[in-house]
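Novice: The sequence shown begins at 1 in our numbering and counts up one residue at a time. The beta-carbon is built from N, C-alpha and C at its ideal position, and this holds for glycine as well. What you are looking at is a predicted structure, and each value in this text was computed from that prediction instead of being measured. Sharing a structure with you now.
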Amino acid sequence: MEHCNREEAIIAKKMALEKMEKRDFMGARKYAQIAQKLCPDLENIVQMILVCDVHCYAAERECGNEMDWYKILQIEKTADEASIKRQYNRLALSLHPDKNRFPGAADAFQLIREAKMVLLDSEKRRWYDSVCQAEMLKKRRSKKDSVKKDSVVKDDADDMDDGVEIDCGVKRLKNISSFDVSAQEVDEQGKRAAKFASKTQENAKSCDDKSLPNVRISEVQVYSASGIALDAKILEYLAAEFNDFDAKRAKRCFGAGQVWAIYDTLDAMPRFYALITKVFSEDFKLQITWLEPYPHNANERKWLCQGLPTSCGKFKLGYTEIIEDHAIFSHLVTWRNHVNLPNVYEVHPRRGETWALFKNLDFEWYQNPERHKVYEFEVVEILSDYDSDVGVSIMFLRKMKGFTSLFCRVKEDEVDFEVIPVKDRFRLSHRVPSVEMKCKEGLNGIKRFFELDPASLPHDLSSH
């Protein structure tokens, strides 16, 4: 019976896919839900339904011509800033076009991004809520007019037929009851909107570097890298020439107590971190606890408050959830516990690793983060373990001509290196997994080089 259900589920899933290709997401959702009911663990069925859900919610117009951003993000109208970011992060991990190849995934990713941008902007959200409330009041008046019309019809029919009078009376009473409920809902939503407006003003004030408590920062930071997401694009990458990086993140490699890097929702680079707290099955279900950035100083607080990316420094334990999407994981992370702070993890560059650096990084980016959506990068070899007093020494790498993912030093002289001081550590964008390679005969005249994981190479470095 189970085998039969799986076969039927596969057929239903195929029909759903055909509907998605025709952009009939309502029809696709029906077939996908049937497939899920027949076989709940059918491969990628949850991701398929999520794409359909977002498009179906986007097609609804409960606020005039405006989309229902709350439904698109699948949150309550009373959701606060942290809840919105948390929910966006969850959906984005499943909808990012790098991880979800179903038709419409890229558009769904763009829709949740737009929803997040509207609902996290206090002015835009107040305007949106007011438009929705006005639309509800308009419908309320329309319904009231309909009630009056029914009443007039009833009065005109009084002398014609007592039976009609009774029927119209019942109909009118039903309409009045419905009207009263709607009015109550409008009042409640108005109160919730006012309450949120007050809450968002408090949150905005909390971003002052003097008043922002660490707990508040931790709520904001884990999702901050997604705060200025690029327009949705499908970012392809080629396979490595010599090493199998996918084997190092195979499902069998995961274990409790490990920290893994996860591709973020900014540009699909591995800047999010998560602690594996439980492995339910090898194929593939984990319980993870997110690691949230923990600011070092006022500049870092401002940086993180504006949603700018970071993958280097201190991190504290955040919320816990179940993950079944294997494709979001990049590589195993080397970390250490902070000496004085319990449950605080430190992630820093280590000798022999390769990292991507932001070009021309300026801490003043936080003053206008929207101007810095597109980043340029360089790749470096780490020459020394990170030191909390000194920083870290680096050597710049360049791509070897004719190869996709082979990089060598720009200059071979060991003394020609650069130091990134502690205050500039946010120049470090993310670690790029690599394998050091040596060749006795040399390759293009170079005897020592690195092969970098193409999945973690920024697009501007992997495309030329």
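1. Suppose contacts are defined by Cβ-Cβ distances below 7 Å. Is Glu-346 in contact with Lys-302 by that definition?
2. Could you give the C-beta distance for Leu-291 and Leu-275, rounded to a whole number, given that I count them as a contact under 8 Å?
3. Tell me whether Arg-425 sits in a helix, a strand or coil according to DSSP, three-state version.
4. Check Ile-75 in the structure and name its three-state DSSP category.
5. Less than 7 Å between the C-beta atoms of Thr-354 and Ser-434, yes or no?
6. Assuming Arg-351 and Ile-382 form a contact by the criterion Cβ under 8 Å, report the distance between their Cβ atoms to the nearest whole angstrom.
7. Under a three-way DSSP split, which group does Leu-111 fall into?
8. How is the alpha helix (DSSP H) around Leu-383 delimited, first residue to last?
9. Do Arg-427 and Phe-358 have their beta-carbon atoms positioned less than 7 Å apart in this structure?
10. Could you check whether Ile-72 and Cys-82 sit closer than 7 Å to each other, using their CB atoms as the reference points?
11. Should Val-390 be labelled buried (16 or more other beta-carbon atoms within 10 Å of its own) or exposed?
12. Buried or exposed for Met-524, going by 16 or more other Cβ atoms inside 10 Å?
13. Rounded to whole angstroms, what's the CA-CA distance from Lys-19 to Asp-107? Just pull it up for me.
14. Taking the alpha-carbon positions, what's the Ala-35 to Leu-50 distance?
15. Within 10 angstroms of its Cβ, does Gly-255 collect 16 or more other Cβ (buried), or is it exposed?
16. Per DSSP, which one or two residues make a beta bridge with Glu-376?
17. Report the CB separation of Met-269 from Pro-458 in whole angstroms; it is logged as a contact under 8 Å.
18. Cβ atoms of Cys-56 and Arg-90: under 7 Å apart, would you say?
19. Can you find the residues in the same chain that come closer than 7 Å, C-beta to C-beta, to Glu-282, ignoring five residues on each side of it along the sequence?
20. Can you round the beta-carbon distance between Ser-511 and Glu-451 to whole angstroms, since I take them to be within the 8 Å contact cut?
21. Pick out whichever of Ala-261, Thr-320, Cys-305 and Ser-311 has its Cα sitting closest to the Cα of Lys-278.
Specialist: Reading from the atomic positions:
1. no
2. 6 Å
3. helix
4. coil
5. yes
6. 6 Å
7. helix
8. Per DSSP, Leu-383 belongs to no alpha helix (DSSP H) and is neither H nor E.
9. yes
10. For the record, residue 82 in the displayed sequence is Ala; it is not Cys. Not in contact: Ala-82 and Ile-72 (Cβ atoms no closer than 7 Å).
11. exposed
12. Outside the displayed range of the chain (1 to 464) lies residue 524, so it cannot be described from this structure.
13. 16 Å
14. 14 Å
15. exposed
16. Paired residues: none, contrary to the question.
17. 7 Å
18. no
19. Lys-251 and Arg-252
20. This structure leaves residue 511 out entirely; the chain is present only between 1 and 464.
21. Thr-320
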